[in-house]
Structure formats: structure tokens, C-alpha cells
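There are 2 protein chains.
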Amino acid sequence: MEGVDYLTDERKTAQFDIVAMKVAWAGSRETLEVSDRMAKLVANDPVFEKFSRPMLGRKELFKNTLRKAAYAWKLIVSLGLSEEEAKWLRLYIDEPAFTDLHWGMFIPAIEGQGTEEQKQKWLPLAKKMQIIGCYAQTELGHGSNVQGLETTATFDPQTDEFVLHSPTLTSSKWWPGGLGKVSTHAIVYARLIVGGQFHGVHGFIVQLRSLEDHSPVDGITVGDIGLKFGNGAYNTMDNGVLRFDHVRIPRNQMLMRVSQVTKEGEIMQSDVPRQLIYGTMVYVRQTIVADASKALSRAVCIATRYSAVRRQFGSRNGGPETQVIDYKTQQNRLFPLLASAYAFRFVGEWLKWLYMDVKQRLAANDFSTLPEAHACTAGLKSLTTTATADGIEECRKLCGGHGYLVSSGLPELFAVYIPACTYEGDNVVLLLQVARFLVKTVSELGHKKPVGTTAYMGRAAGLLQTNCAVQTAEEWLNPGAIVEAFEARAARMAVGIAQRLAKFENPEQGFAELAADLVEASVAHCQLIVVSKFIEKLQQQDIRGKGVRESLEVLCYVYALFTLHKHQGDFLATGYLSPKQASLANDQLRTLYSKVRPNAVALVDSFSYTDHYLGSILGRYDGNVYPKLYEAAWEDPLNDSDVADGFHQYVQPMLKQKLLLSSAKL
Amino acid sequence: MEGVDYLTDERKTAQFDIVAMKVAWAGSRETLEVSDRMAKLVANDPVFEKFSRPMLGRKELFKNTLRKAAYAWKLIVSLGLSEEEAKWLRLYIDEPAFTDLHWGMFIPAIEGQGTEEQKQKWLPLAKKMQIIGCYAQTELGHGSNVQGLETTATFDPQTDEFVLHSPTLTSSKWWPGGLGKVSTHAIVYARLIVGGQFHGVHGFIVQLRSLEDHSPVDGITVGDIGLKFGNGAYNTMDNGVLRFDHVRIPRNQMLMRVSQVTKEGEIMQSDVPRQLIYGTMVYVRQTIVADASKALSRAVCIATRYSAVRRQFGSRNGGPETQVIDYKTQQNRLFPLLASAYAFRFVGEWLKWLYMDVKQRLAANDFSTLPEAHACTAGLKSLTTTATADGIEECRKLCGGHGYLVSSGLPELFAVYIPACTYEGDNVVLLLQVARFLVKTVSELGHKKPVGTTAYMGRAAGLLQTNCAVQTAEEWLNPGAIVEAFEARAARMAVGIAQRLAKFENPEQGFAELAADLVEASVAHCQLIVVSKFIEKLQQQDIRGKGVRESLEVLCYVYALFTLHKHQGDFLATGYLSPKQASLANDQLRTLYSKVRPNAVALVDSFSYTDHYLGSILGRYDGNVYPKLYEAAWEDPLNDSDVADGFHQYVQPMLKQKLLLSSAKL
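For the record, the sequence lines run as chains A and B. If you read the first sequence in our numbering, its first letter stands for residue 1, the second for the next number, and so on. If you read the second sequence in our numbering, its first letter stands for residue 1, the second for the next number, and so on.
Here it is, written out as C-alpha cells:
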């Protein structure tokens with residue numbers, strides 16, 4: 001029935017103030033207000049309808065994205081939305097588009113790497129969308145290894161121009177979003193060649209298409225790279241291919257904030273610190289962590305609500321069956337993901353603070369915390385995106401068969417999310433970078449005090465000797481005991497692998513040989529960060545409202561003890577825990593699940609997602625799942641007619657045993 | 001370049017006879033011959049082209065499937081293919097279709113549950129495809145819990161008919177493949193009601209559509225349930241919805257081999273053992289395990305070949321970069337999956353033997369091994385399908401960004417495979433069934449000798465006391481040491497959980513409370529089965545050819561030691577292994593990877609898959625990846641024109657700053 005809330009009973013059992021929890025999730029009352037207002041603006045506007053998206057063919061799908069993007073821009077301008085409001089608006093439109101790259105990569109690249117003159121020329125055009133830009137770095141043959149890019153930009157002093165060229169097939173730019181069909185301009189990364197010498201990879205502003213008729217500029221081949229994973233999903237984006245055949249651009253279109261090429265072909269370095277680039281990476285990766293918590297929380301919201309609606313087995317005397325959310329196997333898969341969504345939210349919030357801190361230090365020429373901040377964001381990007389990708393798929397499985405239907409929203413959410421594991425640093429490559437930093441930190445322990453998230457390494461000697469003191473399951477409900485356990489595990493693994501590396505004559509060979517173990521040590525370090533930032537958050541004053549802190553504490557313990565159980569091999573192998581202590585942690589985990597249970601639906605309501613944003617029949621706020629699933633089925637084009645296209649031509653002759661005689665060309 | 005084999009060097013390093021390995025994988029020389037012949041028949045016939053499949057809209061896609069199915073039937077009849085040949089043909093066509101359910105469920109259900117009379121009437125019609133049938137069990141509200149199905153079949157003695165009815169919305173049949181648009185008949189599972197009394201769930205043969213014009217029979221509402229996960233993928237199947245409004249069928253259309261309803265409304269039981277149904281489950285699940293090895297091996301084949309083609313980092317003096325397959329992090333993710341593909345292949349082969357054994361025993365009224373065989377197949381279904389679903393996605397990630405392109409073949413392989421984790425028993429529900437059996441086995445140890453795959457439990461006392469004796473990494477290359485480790489872990493976990501259960505006053509409450517731990521004990525038991533069947537296979541005489549046994553031994557150790565490392569928490573927590581011994585196993589694993597490396601490409605060549613079946617540009621036999629990716633991009637409909645549809649309408653006004661003035665309705 002319409003208008004009935006089938007989850008009322010679930011909402012009644014919540015033990016906390018829901019509005020206060022929404023504020024805690026959003027970060028502030030103001031953010032919640034803006035976010036909710038933009039979410040409703042999108043949800044109530046039929047232009048942003050997205051239910052039919054997965055059914056559209058590529059051309060129609062893409063055209064519809066252009067329509068939404070133009071309409072959104074019209075709204076932004078006509079309503080005079082602030083930059084923050086515009087960001088929320090684009091988020092809730094929930095459709096990858098060229099605008100993501102224009103605002104998220106093209107403009108920031110000019111802001112970060114352009115000279116004042118370049119910024120004055122290009123930014124006003126870009127910010128008014130008189131030009132549309134993308135970020136063309138990745139090539140067909142090179143992703144992770146930026147120094148291996150093959151596109152060349154050769155300086156021609158005769159004409160004061162750079163000549164951009166794609167010397168091989170694998171040098172074709174490949175993947176940049178917005179490149180294929182929309183962008184008029186791109187920041188192109190290419191090997192700078194001056195006087196026959198290679199001078200590193202630099203960015204160049206290149207016009208790709210005519211501003212008159214949008215046709216590609218002479219010497220440029222550009223197009224879309226074709227279909228990607230999933231229905232709808234990332235196929236709204238024109239990820240592109242781009243080749244240059246000796247394309248000339250003026251010298252002043254090389255981004256020259258850090259390095260300059262003079263008219264005479266001299267290479268000059270400005271006094272702008274090269275470390276700036278790490279500041280940008282910290283920024284981009286903290287947004288990825290924030291996005292991880294959004295994506296995971298959406299999946300968890302869907303799976304939690306549907307697990308409360310869905311019943312299976314356990315009927316007594318013909319009464320209703322058991323809600324699947326009451327099964328411990330369901331709780332053991334779902335609640336740690338719910339806890340992870342909150343954990344990632346708070347570690348993302350902290351990363352935002354970290355970026356501000358890094359920025360201020362950079363401005364003061366203080367680079368001391370940069371390596372640590374860089375390692376930390378690289379590791380958290382890897383940890384949270386991997387967990388989110390896996391978590392979305394786990395949520396889909398938790399919805400049983402119906403999770404496989406596109407109308408559950410989960411297939412598209414998965415397909416659109418998973419590139420996050422690869423872009424902006426492949427997750428395994430990033431963990432190896434973290435490992436390199438950890439090993440370096442260990443090797444310098446004698447003479448350099450580790451900072452920030454590696455500060456615990458300064459206490460490594462103690463952490464290597466003291467073992468866990470927990471004797472009862474209750475004693476695991478202690479932030480001190482938990483942090484020490486994660487610190488001891490991480491420190492022991494880092495020190496252990498550093499010792500094994502030291503036995504190799506050639507350190508690089510050792511690093512290559514032990515790569516898989518190095519990755520495990522990095523994961524341990526990153527999990528410690530997530531756990532301790534969650535605990536720190538709980539100690540902050542800004543958590544207000546009845547029951548909010550208590551409910552979050554339960555989630556924090558769930559995250560920590562589930563992680564401990566999942567990786568108990570590490571904790572046992574390093575000797576910090578006894579099997580008995582690990583088992584007590586697992587016992588406590590079950591108790592915690594019972595504490596999450598009455599709050600589960602309210603905890604996902606606290607994300608404050610509209611049904612439009614969730615895009616899932618299974619995750620509907622009102623729980624009215626089955627009638628809506630049934631209705632939605634009939635929307636499929638196959639149901640346009642009782643008898644399917646092709647039946648008379650192909651199946652009827654089979655049934656009538658006339659197939660072999662049939663003249664129908666099959 | 002066409003015609004060049006870019007993987008020649010990889011193939012030269014193989015240390016085994018490739019044809020002999022193909023025979024080992026196929027099971028016999030004869031099977032290899034039939035399989036290869038059918039694969040080529042499909043690959044060389046343009047009707048079976050599948051590259052464009054993911055780009056088709058639903059109607060066009062479905063129509064194309066009907067065309068392929070009709071054409072395949074024409075081939076089968078006109079070439080006089082045997083049933084075995086037809087099965088291989090359908091496999092290599094590689095497109096889910098109504099025929100899968102017709103041959104795989106509808107016909108077997110009649111064969112297994114029909115009386116002689118029913119078989120004589122229905123099987124000839126079905127086998128000539130004069131009728132097309134499906135298997136309608138699952139409902140909108142009930143999947144796992146078959147006893148909770150709501151559809152009713154009420155006997156009306158007045159007319160000697162059953163009246164089929166869907167009393168609620170959730171009683172709608174939902175999911176059955178082939179039901180939506182094609183099937184003329186269905187086996188419908190419904191609650192039998194005679195004289196107002198419920199007599200269990202039974203199967204009924206029901207006509208759904210007219211054999212003349214294919215319109216639904218009066219009282220029947222039938223249609224497709226809508227889009228499912230992925231491009232192409234399972235959307236070639238018309239999974240359906242079905243409702244009955246008091247539809248009457250003759251009494252003799254209830255499947256009556258086991259239970260009969262007489263004209264007078266009496267319920268009679270035949271002397272056919274009810275355990276027959278478990279025999280069928282053993283059969284169906286062993287085919288699922290066999291399919292798991294096929295799906296995983298396809299993904300591994302793609303990822304292995306592309307990992308040999310792809311290079312990244314590590315260039316020295318401008319020379320070529322390192323092949324990514326040479327990185328230990330890549331090997332540590334890829335080679336265990338390669339080993340799993342082989343492990344699942346051999347355990348699947350053994351399950352085929354087990355099914356034959358069960359069948360013979362059933363015929364002789366020997367039910368003694370049935371519970372063990374049932375638990376074993378349930379567990380292996382769960383273990384192999386979960387590992388395969390995860391493994392396909394891992395292979396996609398191992399291909400870097402390009403794995404996200406549909407032309408890599410991996411997105412569709414994933415999307416089409418994952419339902420296997422849910423159908424024929426949700427994987428977690430199945431592991432709980434296994435756990436129940438394990439706990440029962442433990443509780444009966446005093447007076448009942450455990451059989452088959454649980455025979456090791458008979459030595460539980462010893463396994464609980466003896467600890468591992470391994471002292472060097474080399475000592476892990478010993479089948480005895482490995483099997484004992486897996487037996488000890490499984491036995492200790494099963495006994496441990498049984499002891500904890502015994503402390504609960506109410507056993508069912510204990511079972512519910514400890515469900516997550518019970519699942520872990522089941523996984524340990526199932527991994528033991530896979531490891532020991534792999535080892536047994538290596539001891540068989542039928543493995544012939546230079547280097548074949550040796551190469552398979554390496555894979556077997558990789559599977560075992562990787563599994564041991566991944567679950568080292570279990571091995572350490574149960575006290576069987578010391579941290580030092582676990583670490584030695586991990587050291588040995590790295591050495592094993594170096595032994596797999598030269599054979600990797602040849603090991604995936606041994607699956608004998610055509611490029612058509614693989615359906616992946618990244619996995620091409622000749623390794624000619626980049627030119628083909630580049631070519632394929634231009635096939636996308638978005639590249640039909642230089643300027644995309646919608647550009648002039650939506651983007652141009654934005655660039656020209658005319659959006660707000662524009663009269664274009666957005």
C-alpha cells in the first residue's frame with residue numbers, strides 16, 4: 001500500500017536521536033541542511049529521473065547525460081548556487097559526466113600548475129564553461145607508470161611552439177573521462193623534448209575541437225573507447241582515445257608554474273616547491289576516501305532495509321517468518337559493513353583536516369609531514385576503495401536473488417564504483433608505496449622521530465615486547481586495548497618485514513621478492529589508522545544528542561573486532577594475542593551485533609539519502625518492496641507485447657517441427 | 001600485426017607436454033576431441049558471433065538469442081549430434097537461453113519425479129521440442145525456504161482437477177529462466193491441498209501458453225522480470241514472473257512418482273525412496289562445480305595472457321619494461337587462482353564419480369553415504385562458486401584499467417556468473433547445512449564410523465593432539481604434511497564448535513548464535529576436500545606426458561599453501577601450527593610461484609579455449625592486444641559521428657553562453 005511505512009517498527013526501536021546522528025554523519029548542521037536541500041531539489045525534478053537509465057542504448061544514454069548536465073548548469077546559474085551547493089547538486093544527480101573532469105581535474109590542474117598569467121587566461125573561460133576541459137594523462141600502454149608515458153611535446157624554437165605527437169599506438173591517450181565526445185580542451189601530459197633532450201613529463205593545454213562546430217582540430221584523432229562494465233553506470237561518461245599527428249600549440253600553453261621553457265629553449269625551475277604535486281595528490285585521494293563512505297553507505301542502506309523487510313524460514317505455527325536481519329550470519333556480514341561505512345566517513349573527515357594541515361605547512365615551506373601524509377592518504381585510498389568495492393558486492397549478495405535485478409540499484413552501484421580501485425593509483429601499487437615508507441620509517445627509528453600516523457612506531461620497542469592483557473570478552477570494550485592491539489600488530493609486521501629485507505644483499509630485489517608480505521604490513525598499518533581515527537572521533541566534543549556517541553561506540557568496536565577476527569592470523573603470528581584472547585574478541589563481536597540490531601535501520605536512515613539517490617526498490621524508505629518490484633518488471637521492453645519479437649520467426653518453427661523445412665534464414 | 005604470435009616466447013618456456021596437459025584437463029583424449037570439435041564449430045560460424053552482444057538493447061538481444069537457439073537446434077538435428085555433442089555445443093555458444101532450463105531442469109524433473117505414464121506422455125514432446133518447459137519453483141517472497149512457498153494446488157474431486165492459484169502478491173513465481181517469454185509449459189511447485197489439508201509441496205506440469213498462437217492460457221499472467229546485472233550477460237534469458245488465477249489442470253499432471261493423489265482424494269506414497277531428491281541435488285551441484293572451474297579458468301586465461309603482454313615500470317636503459325606477470329604481487333594474486341581453476345576441475349571430476357556411486361547405491365537401496373555425499377556437494381558448490389565469483393573480479397582487477405572495458409570480456413563473465421552463488425542453494429545457507437552435518441558427525445564419533453570425506457574425523461583424537469612437524473620450507477612440499485595440516489585444522493574447528501554448542505541448553509539457539517563460526521568450520525572442511533582430491537588426482541595413473549604431473553604438483557602445492565596462508569589464523573588458533581611453521585609455508589609459496597612462472601601461459605593454453613569462447617581482446621591467443629583494443633573502440637555507437645547526438649541541443653548553448661536564453665527545452 002502506498003503511504004504506509006513498513007519499517008515503522010524498526011524505526012521505533014532506535015536508541016538514539018536520529019537528527020543528531022544525521023548531523024554527526026554530515027559533519028555539521030549546516031552541511032546537513034545544504035545536502036538535504038540539494039538532494040530534494042534533484043529528487044523532485046523529473047529531468048533527473050534515473051530509473052530507466054540502465055535500459056537505454058549507449059547513444060540515447062549519453063544524450064540524456066548531456067541533457068542533465070546542461071539542465072544542471074542552467075539551475076546552478078539561474079538559482080545562483082554556491083560552489084558548495086553545486087557540488088552537492090552534481091553528487092545527487094548521481095551520473096558520471098564530463099563535468100566531473102572539467103570541475104574536478106581540468107580546472108584544479110590549471111589552478112595548481114598554471115602560472116598567474118595562464119590562470120587569468122584560462123580559468124574564467126573554464127569557470128563559465130565557454131570551454132570544456134579534461135585531463136589526458138593515461139595512455140593505452142601506460143597507467144601507473146607516469147614516467148613511462150610516450151606522447152611527446154617537442155619544442156620548436158623556430159616557431160616558439162610545442163609539437164605534440166603520438167609516436168606509437170600505445171602512446172594513444174586512453175581512458176580520460178570527458179575526452180571522447182565533449183571536451184574542447186585537455187591538459188595533455190607528454191614527454192617534454194627540448195633540443196633533442198628529454199626533460200620529464202609535463203602538462204600542456206591543448207585545444208581538441210573547434211569552438212565553432214566541435215569538429216576535431218587538424219592532426220587530432222579523438223573518440224570514445226567503448227562500452228564499460230554494467231548497465232548505465234559509467235557508460236554515461238565519454239572516456240576517450242586521443243592521438244596527435246604533429247599538432248602545434250603555442251609555447252605558453254605548457255603549464256609553467258614549476259618548470260618553464262623559455263623562447264630560447266632553456267629549461268628553468270621556479271622556486272615553487274615540487275612537493276606541491278603531493279599536496280594535490282593528498283587532496284584528490286581524500287575526496288576518494290569520502291566517496292568510498294558514500295558508496296558503501298548507499299549499499300549498506302539498501303541491504304539493511306531489505307534485510308529487515310525480507311523474511312525467510314523460522315515461521316512458528318503459521319506466523320510470520322524470521323526477518324533475515326535477525327540471522328547471525330546476516331549480521332556478521334552486514335553489520336561490519338555498516339560499521340565500515342561510518343569508519344570511512346570519519347577517517348575521510350580527518351583526511352580533510354590533514355589536507356588543510358598539509359596545505360598550510362606547504363605555504364610555510366614546511367615539508368616535514370608530507371611523506372607521512374602522502375603515505376597515509378595513499379594507503380587509505382587503497383584500503384577504503386577495495387573494502388567498498390567488495391562491500392557493495394557483498395551487500396548485493398545479502399539481498400539474495402533480488403539483488404541481481406538492476407532495479408535493486410546494486411549492480412549499477414557496483415559497476416560505477418569499481419574503477420576507484422584502479423584510478424588515481426592502483427590499489428596494490430599504492431600499498432607498496434606505503435610499505436616503502438614504513439620500512440624507511442623503521443630503518444630511521446634510531447635517529448628520526450616518526451610523526452603523525454606513524455608516531456606509534458616510536459614506541460615500537462615496547463609494542464614488540466608487551467603482549468595483550470585482555471582476560472574477558474568485556475575487556476575488549478576498551479579503546480586502549482584495541483588501539484594497542486592494532487599498533488602492536490602493525491609495528492611487529494613492519495619491523496619483521498624490515499628485518500627480512502635487511503637480509504637481502506640487493507634491497508630492491510628483496511622488496512620485489514617480499515612484495516606480497518609488504519602489502520600485508522601496509523594493510524595492517526592502514527587498518528590501525530582507521531580504527532584510531534574512529535576512536536579519536538568518539539572522544540570529540542562535537543558528538544551530541546541522545547544515544548549518538550553510544551551507538552557509534554558500538555559500531556567502532558564492531559569495526560575493530562571484526563577486523564581483528566578477520567586478520568587474526570596476523571595477531572596470532574606476531575605473538576601479541578593468544579588464541580584464547582582472539583576467541584574472546586570474537587565472542588564480544590556477537591554481543592555487539594545484538595546491540596546494533598535495534599538501531600540498524602535508524603543507523604542507515606541517518607545517511608539521509610532520498611529514494612532517488614538510493615535508486616533501489618529493495619532499499620525504499622517505506623519498505624514497500626514487493627509491489628514495487630512487481631510493478632517495475634512490467635516496464636521492461638520485453639513486456640511490450642505478450643509474444644516476444646522473434647518468437648514467430650525462430651521459436652514457432654521449432655515447436656511446429658518445421659525448422660528444417662523452414663525457409664526462414666536463421 | 002596479424003598472424004604474429006606475441007606470446008611465442010612464453011610458450012617456449014613451458015616445461016610440459018601441452019597436448020598431454022590438455023588431456024589431463026579435459027579428462028580424456030575423447031572428451032578433448034569432442035570439446036575441441038564443438039568449440040571450433042561454434043567459433044567458425046558467424047551466427048554465433050557475440051562481440052556485439054553487450055551493445056544490444058534488451059529486445060534485440062533477446063531476439064538474437066532466440067535466433068541462435070533455433071539455429072543451434074537446427075544444427076543438432078541436421079548434423080545428428082549426440083546428446084554429449086549438443087551439450088558441448090550449447091556450452092560454447094556461451095549464451096544463457098531458455099534451452100538451458102528446458103534440457104537442464106524441465107526434462108530431468110519429469111524423468112526424476114514423473115511416473116512411467118507421465119514420462120511416456122511428456123518426454124517425447126519435450127525432447128523433440130514440440131513443447132518447451134521451465135522449472136517454476138522460486139517465488140517473489142520465497143527462495144531458500146521451499147517449504148514456505150505460497151502457490152496452492154487444491155484438489156477438486158468433482159472435476160478430478162487441481163486448481164492452481166496465487167493467493168498473495170509474494171506467491172508470484174519469480175526468477176524461473178525461460179518462463180517469461182518462451183516456455184509453453186512449466187513444472188510448477190505448489191502446496192498440495194486435499195480436503196482442506198496441506199500435504200506438502202509438490203510439482204505439477206502446467207501449460208502456460210497456447211501451442212497455436214503462444215498467448216497465455218486463461219487465468220495465467222506471465223512476463224519477464226526485467227533487466228539483470230551487466231551488459232548482455234544473463235539478459236539473454238527471460239527470467240519470468242507467473243501468477244495463477246484459479247487455473248485448472250487434470251489430476252494426472254501432478255508429478256506422482258513418489259506421492260499420488262487418487263481420484264477419491266487419497267494421498268498415497270509409492271515405495272520409491274524419497275531420498276531420490278538428494279540424488280538429484282548431488283547431480284545438479286556437481287555440474288555447478290564443473291561450471292565453476294570453467295568460468296574461473298576463462299578469467300584466469302585472460303588475466304594470465306594479458307599479464308604476460310602488459311608491461312609497466314622497470315625499464316632499464318630505455319629497454320622494455322617489466323612484464324607485469326613477473327611482479328610477485330601479481331603472481332600472488334594470479335597463480336593461486338590458476339591453481340584453483342585446476343583444483344576445482346579435479347574436485348568436479350571426482351564429484352562426477354561420487355554422483356555415479358550415489359546413484360548405484362540408491363538403486364540398491366543403500367542410503368548410508370547419502371548424507372555425507374549431500375553435505376560434500378553442498379559445501380563444494382558453495383566453496384567453488386564463491387571463489388569463482390571473487391576470482392573473476394580479481395582477474396578483472398589484475399588486468400588494470402582495461403579490465404573494466406566490456407571488450408576485455410571480464411565484466412560480462414562476472415555478471416553472468418555471480419547468480420551461481422545464490423541459485424540452487426544460497427552459499428551461506430549451504431555452509432550451515434554442512435556445519436550441521438559436521439556437528440552431527442562429531443557427536444556420533446563414539447558409535448558411528450564417519451565415511452567418505454569425513455573419514456578423517458575417525459582419527460580426530462590423534463589430529464587434536466599431534467602438532468605439525470615441519471621444520472624447513474622444503475618439508476612443506478610433502479602431500480602427507482599438507483593433508484594432515486588441513487585435516488587437523490578442520491577436525492579441531494569442528495570439535496571445538498561442537499563443544500561450544502554443547503554448552504547451550506537449547507541446541508537450536510546455540511546453532512543460531514554461533515552461525516558465523518559454524519560457517520568457518522564448514523569452509524575448513526571443504527578446503528580439505530579440495531586439497532585432498534587434488535593430491536589424490538596426482539597419484540592416479542591416468543596422468544601421462546612429459547612434465548604434466550610435475551607441473552600439476554606445483555599448482556597443487558600453490559593451492560594448498562596459499563589457502564593455508566590466507567587462513568593462517570585458523571591453523572594458529574587451533575594450535576596445530578606454530579607461527580614459524582606458517583611462515584615457512586609462506587616462504588615456500590614464493591618459491592613455488594617461480595616454478596609456475598615459466599609454465600603460466602602454457603597452463604592456460606591447456607584449457608583449449610578458442611578466442612571466440614574467451615570473448616576477450618585482452619585474452620587473445622596471439623597476444624595482439626593493443627591494436628585490437630584500438631580497433632574495437634571505434635565500433636561503439638557513440639563513434640558513429642564525430643559530433644555526438646545531443647551536442648548541438650545541450651552542450652553548444654552552454655559553450656556559447658546561450659543556455660539561459662535558449663528556448664530549447666532541456
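Ideal placement from N, C-alpha and C gives every residue a C-beta, glycine not left out. Since we're looking at a predicted model, the values are computed, not measured.
Sub-9 angstroms separation of residue i and residue j beta-carbons
i      : j      : result
B:R305 : B:R620 : yes
B:I418 : B:F155 : no
B:A633 : B:N624 : no
A:I132 : A:V182 : yes
A:L431 : A:S307 : no
B:Q588 : B:L463 : no
B:Q649 : A:R67  : yes
B:K328 : B:L242 : no
B:Q146 : B:L164 : The sequence shown places Val at residue 146 of chain B, not Gln. In this structure, B:L164 does not lie closer than 9 angstroms to B:V146 by Cβ.
B:M129 : B:W73  : yes
B:A460 : B:V442 : yes
Spatially closest choice to residue i from the options, by CA coordinates
i      : options                           : result
B:I205 : B:D570, B:G114, B:Q147 and B:V282 : B:G114
B:P96  : B:W353, B:L79, B:P176 and B:D160  : B:P176
A:P320 : B:V554, B:L149, B:Q15 and B:G240  : B:L149
A:A303 : A:G480, A:G403 and A:K128         : A:G403
B:G223 : A:A644, A:K580 and A:D271         : A:A644
B:D160 : B:I288, B:V300, B:L227 and B:I249 : B:I249
B:P627 : A:T170, A:M55 and A:R90           : A:T170
B:V439 : B:A515, B:C395 and B:T65          : B:A515
B:P479 : B:A26, B:Y557, B:Q540 and B:T388  : B:Y557
Cut-off 6 angstroms between Cβ atoms - residues of its own chain near residue i, not counting five sequence neighbours on either side
i      : result
B:Y593 : Q331 and F335
B:V531 : F486 and A560
B:L629 : I617
B:I107 : A126
B:A24  : I543 and V548
B:Y685 : Chain B is shown only over 1 to 666; residue 685 of chain B falls outside these bounds and no answer can be derived.
B:C376 : T453
B:I529 : T453
Alpha-carbon spacing of residue i relative to residue j, whole angstroms
i      : j      : result
A:M281 : B:I325 : 28 angstroms
B:L383 : B:E49  : 33 angstroms
A:A69  : A:L337 : 33 angstroms
B:N467 : B:H565 : 17 angstroms
B:G57  : B:V47  : 18 angstroms
A:Y679 : A:E10  : Examination of residue 679 of chain A is not possible in this model, given that chain A is present from 1 through 666 alone.
B:D366 : B:L276 : 11 angstroms
B:R90  : B:T610 : 15 angstroms
A:E550 : A:G401 : 35 angstroms
A:V651 : B:A415 : 26 angstroms
A:Q581 : B:G575 : 13 angstroms
7 angstroms CB neighbourhood of residue i in its chain, flanking five on each side removed
i      : result
A:I267 : V194, H199, S259 and V261
B:I18  : A602, D605 and S606
Quick one: which residues of the stretch 634-654 of chain A get their C-beta closer than 9 angstroms to a C-beta of chain B? List them in chain order.
-> Within the stretch 634-654 of chain A, the residues whose Cβ lies closer than 9 angstroms to some Cβ of chain B are W634, E635, D636, P637, L638, N639, D640, D642, V643, A644, D645, G646, F647, H648, Q649, Y650, V651, Q652, P653 and M654, listed in chain order.
Which residues, in order along the stretch 29-63 of chain B, keep a beta-carbon less than 9 angstroms from a beta-carbon of chain A?
-> Those residues of the stretch 29-63 of chain B that come within reach of chain A (Cβ to Cβ, closer than 9 angstroms) are V47, P54, M55, L56, G57, R58, K59, E60, F62 and K63.
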